[in-house]
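**Student:** Protein chains in written order, with my numbering: chain Z, 6 to 228; chain A, 670 to 1062.
(1) Kindly indicate the opening and closing residues of the alpha helix (DSSP H) around residue 901/A.
(2) Does the contact criterion of 3 or more C-beta pairs under 8 Å hold for the stretch 863-875 of chain A versus the stretch 717-724 of chain A?
(3) What three-state label does DSSP hand residue 887/A in the structure shown?
(4) So with CB distances below 7 Å, who are the chain A contacts of residue 61/Z?
(5) On a Cα-Cα basis, can you pick out the residue from 44/Z, 21/Z, 10/Z that is closest to residue 228/Z?
(6) Is it buried or exposed for residue 192/Z, if we count other Cβ within 10 angstroms and need 16 for buried?
(7) Taking the beta carbon of residue 803/A as the centre, do at least 16 other beta carbons fall within 10 Å, making it buried, or is it exposed?
(8) Determine the DSSP secondary structure at residue 731/A, reduced to helix, strand or coil.
(9) From the DSSP output, which residues share a beta bridge with residue 769/A?
(10) Run the CB neighbour count on residue 222/Z, radius 10 Å, all protein chains shown included, and call it buried at 16 or more, exposed below.
(11) If you count every other CB in all the chains shown that lies within 10 Å of the CB of residue 174/Z, and 16 or more means buried, which is it?
(12) Using a C-beta to C-beta distance shorter than 9 Å, which residues of chain Z count as neighbours of residue 968/A?
(13) Taking the continuous alpha helix (DSSP H) assigned at residue 104/Z, which residues delimit it?
(14) Just verifying my parser: in three-state terms, what is the DSSP assignment at residue 11/Z?
(15) Do residue 863/A and residue 790/A count as a contact pair if the criterion is CB distance below 8 Å?
(16) Quick one: what's residue 172/Z bridged to in DSSP?
(17) Any beta-carbon of chain Z closer than 8 Å to the one on residue 1062/A?
(18) Rounded to the nearest angstrom, what separates residue 801/A and residue 1002/A at their Cα positions?
(19) Using C-beta distances below 7 Å, list every residue in its chain close to residue 781/A, excluding the 5 sequence neighbours before and after it, in chain order.
(20) Are residue 943/A and residue 875/A close, meaning C-beta to C-beta below 8 Å?
(21) Residue 103/Z CB to nearest chain C CB: under 8 Å?
(22) Buried or exposed for residue 121/Z, please, with buried defined as at least 16 other CB atoms from any protein chain shown within 10 angstroms of its CB.
(23) Just list the beta strand (DSSP E) runs in the stretch 119-172 of chain Z, keeping only unbroken ones of 3 residues or longer that don't cross its boundaries, in chain order.
(24) What in chain A is Cβ-close to residue 93/Z, meaning under 7 Å?
(25) Give the single residue among 51/Z, 96/Z, 11/Z whose Cα lies nearest to the Cα of residue 157/Z.
(26) Return the chain-ordered ranges of every alpha helix (DSSP H) run that is complete within the stretch 736-768 of chain A and spans a minimum of 4 residues.
(27) Can you name the residues of chain A whose CB is closer than 9 Å to the CB of residue 113/Z?
(28) On the three-pair Cβ rule with 8 Å, is the stretch 895-905 of chain A touching the stretch 752-765 of chain A?
(29) State yes or no: is the C-beta of residue 706/A within less than 8 Å of the C-beta of residue 940/A?
(30) Go to residue 705/A, then tell me how far its alpha helix (DSSP H) extends in each direction, as first and last residue.
(31) Report the option in 716/A, 787/A, 881/A whose CA atom is closest to the CA atom of residue 743/A.
(32) For residue 999/A, which of helix, strand or coil comes out of DSSP?
(33) Which of the three DSSP states, helix, strand or coil, is assigned to residue 813/A?
(34) Does any C-beta atom of chain A lie closer than 8 Å to the C-beta of residue 99/Z?
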């Protein structure tokens, strides 16, 4: 999936004050590449990713996915794209605590109305791919943080999306687990031709990236 | 993964809260069922009382206190004198004297709905008063003459005291032989000892007196005309048509039913508030989960349904258990009220808690729980991942 943003701007209003969280950002991400967006806390990384991942509307500017302006789509259409074409990996994993690892991975497929046997089969395979065959029926609280993030990656891949968006996916992990996660994302991206775009502080992620953008006070530039 | 499984997991994942919420619904349903079933039975029994004298004018003493067709207190009628007067009244075809005695063996307190009673009917008039009530198993017969010490008993009494045809029972120190068991579902007849009129007068020491005379009108005369004629001719009686008997109790029944509805509404409203409060708390605590569902592209109606199905499950579970406990409680109340042992009510559980009532209450409980989930569901569907993440970082 090719991602482009054109003069993307997001302004938050806090009382009388305006905060330009993302300011006139234009970027290009080639299909099948691994892109890192780096910057200090509060620089606008998450806001930018939320708009690229269709979780938030820009105040102005456009997001183009495969050259289609998705900023103007209805909420329903954006949900459909999020469900089928984008996989999300969050810093705090955001696994559903009452579901097992297997069920967490099945969930996006259930939402996409895939047949139950296919959901189960694919969820098992994905969890196997991230090395969690022995943890299928464990709930998130029974997993280590590294394992939780691997379940989250498997969930992000459930509907075989073209784009994987990661918001500080190594933020809660130690350096070893962080490296493993980055390697995993990189490997999956390469193996399946997926576009991976991460917001990160992690030097390992930066080293692995094909392209690095640096964001500061909402303004972006190539590293 | 099925939506139902997901919702079930969400509920079982928060055991204490779910259990407390379900408990609240159980208590509410139990209370509604107990009060409702007791009221239904009470009003049904009162309505039943009129069946016995359907199509007849009921003549009672002017001082008599009458609930439907049952005199529960007040004066007696001098039998022969009143019968003679009635036979001379225009429009009267037949007049059958009856002696109701209530209660038997349980003190002398007047009860609006008698638990046990005796009825003296002249031999040969059984069908006129009792209608086509069969004898249990087709065994036995009704007493054959006025002086024989024989009785027929209601099935509920027979079951409670293990009376069979041929057994001897003691009523007011008289040893009486059971000749038949009335096989009836009518609560009143099932708790009745039927005996020849003269025997009843002897047993209860009401020689020459009765408290009801059932009058059949001649062809061409309406019940109200005959009743008016009787009251004009005989000064010491009142003559009640079926409509007049209904008019006496209908306002009371309506009031009882209205109160019942009021109590049910208040209890259900409290359940609604409980379910809504607990679900709002639950949604607030699970903002991140709902935001995650939103982020991974769950349709809005899916998120909405998650909350509604969770509250519906609470309704199904709480409602079902409430029905069970409510039915037990209704039986216990009926048992205390009638002095009939609980096991005897179990075969007739659906007469105490009618199936239609069960369906009504279960449906109402589930619907109310779903309504309780509406506002939290709207809240849940509005949660966005960008807002949750903004709050976290």
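Here a beta-carbon is modelled for each residue, glycine too, at the ideal position from N, C-alpha and C. Quick caveat: nothing in here was measured; it's all calculated off a predicted structure.
**Tutor:** In terms of the structure at hand:
(1) Translated into positions along the second chain, residue 901/A becomes position 232. Segment 892-902, the alpha helix (DSSP H) holding residue 901/A.
(2) no
(3) On the second chain, residue 887/A is found 218 positions in, with the first residue counted as 1. In this structure, residue 887/A counts as coil in the three-state DSSP scheme.
(4) Reading the first chain from its first residue, position 56 is the one you call residue 61/Z. Those within 7 Å of residue 61/Z in chain A are 1055.
(5) The residue you call residue 228/Z lines up with position 223 of the first chain. Residue 44/Z is the option with its Cα nearest to residue 228/Z.
(6) Here residue 192/Z refers to the residue found at position 187 of the first chain. It is exposed - the Cβ of residue 192/Z has fewer than 16 other Cβ atoms within 10 Å.
(7) In the second chain, counting from the first residue as 1, residue 803/A sits at position 134. Exposed, since its Cβ has fewer than 16 Cβ neighbours within 10 Å.
(8) For this step, residue 731/A is matched to residue 62 along the second chain. Correct three-state label for residue 731/A: coil.
(9) Residue mapping note: residue 769/A aligns to position 100 of the second chain, counting from 1. DSSP output for residue 769/A lists 788/A as bridge partner(s).
(10) Numbered from 1 along the first chain, position 217 holds the residue referred to as residue 222/Z. Answer is exposed; the Cβ neighbour count stays below 16.
(11) Indexing the first chain from 1 puts residue 174/Z at position 169. With 16 or more Cβ atoms within 10 Å of its Cβ, residue 174/Z is classed as buried.
(12) The sequence position of residue 968/A within the second chain is 299, counting from 1. Within 9 Å Cβ-Cβ: 81, 84, 85, 88, 116.
(13) Taking the first residue of the first chain as 1, we reach residue 104/Z at position 99. No alpha helix (DSSP H) contains residue 104/Z, which DSSP labels as neither H nor E.
(14) As a first step, residue 11/Z must be located in the first chain, where it is residue number 6. Residue state, collapsed to three classes: strand.
(15) In the second chain, residue 790/A corresponds to position 121, counting from 1. In the second chain, residue 863/A corresponds to position 194, counting from 1. Between residue 790/A and residue 863/A, the CB-CB gap stays under 8 Å.
(16) For the purposes of this step, residue 172/Z is identified with residue 167 of the first chain, where counting begins at 1. In DSSP, residue 172/Z forms a bridge with 95/Z, 204/Z.
(17) Numbered from 1 along the second chain, position 393 holds the residue referred to as residue 1062/A. Its pLDDT being 48, under 50, residue 1062/A is placed unreliably by the model, and the measurement read from it follows with that caveat. For residue 1062/A, the answer is yes, since a Cβ of chain Z falls inside 8 Å of its Cβ.
(18) Taking the second chain and counting its residues from 1, one reaches residue 801/A at position 132. Taking the second chain and counting its residues from 1, one reaches residue 1002/A at position 333. Within the model, the alpha-carbon separation for residue 801/A versus residue 1002/A is close to 31 Å.
(19) Translated into the one-based positions of the second chain, residue 781/A becomes position 112. Any reading at residue 781/A is ruled out, since the residue's pLDDT is 42, under 50, leaving its predicted position unreliable.
(20) Position 274 of the second chain holds residue 943/A. Position 206 of the second chain holds residue 875/A. Not a contact, by the Cβ cut-off of 8 Å.
(21) No chain C is present in this structure, whose protein chains are Z and A.
(22) Residue mapping note: residue 121/Z aligns to position 116 of the first chain, counting from 1. Looking at its Cβ environment, which holds fewer than 16 other Cβ atoms inside 10 Å, residue 121/Z is exposed.
(23) 168-172
(24) The residue given as residue 93/Z occupies position 88 in the first chain. Under the 7 Å cutoff, chain A gives 964, 965.
(25) Residue mapping note: residue 157/Z aligns to position 152 of the first chain, counting from 1. Of 51/Z, 96/Z, 11/Z, the residue nearest in Cα terms is 96/Z.
(26) 748-756
(27) Position 108 of the first chain, counted from the first residue, corresponds to residue 113/Z. Here the neighbours are 965, 966, 967.
(28) yes
(29) Taking the second chain and counting its residues from 1, one reaches residue 706/A at position 37. Taking the second chain and counting its residues from 1, one reaches residue 940/A at position 271. Result no, Cβ atoms of residue 706/A and residue 940/A do not sit closer than 8 Å.
(30) As a working mapping, residue 705/A is identified with position 36 in the second chain. Where residue 705/A is concerned, the enclosing alpha helix (DSSP H) stretches over 684-717.
(31) Position 74 of the second chain, counting from 1, holds the residue named residue 743/A. Residue 743/A has its Cα closest to that of 881/A, out of 716/A, 787/A, 881/A.
(32) In the second chain, the residue the question calls residue 999/A occupies position 330. Helix, per DSSP.
(33) Counting from 1 along the second chain, the entry for residue 813/A is found at position 144. In the displayed model, residue 813/A falls within coil according to three-state DSSP, outside both helix and strand.
(34) Within the first chain, residue 99/Z is the residue found at index 94, counting from 1. Yes, residue 99/Z counts as interfacial toward chain A.
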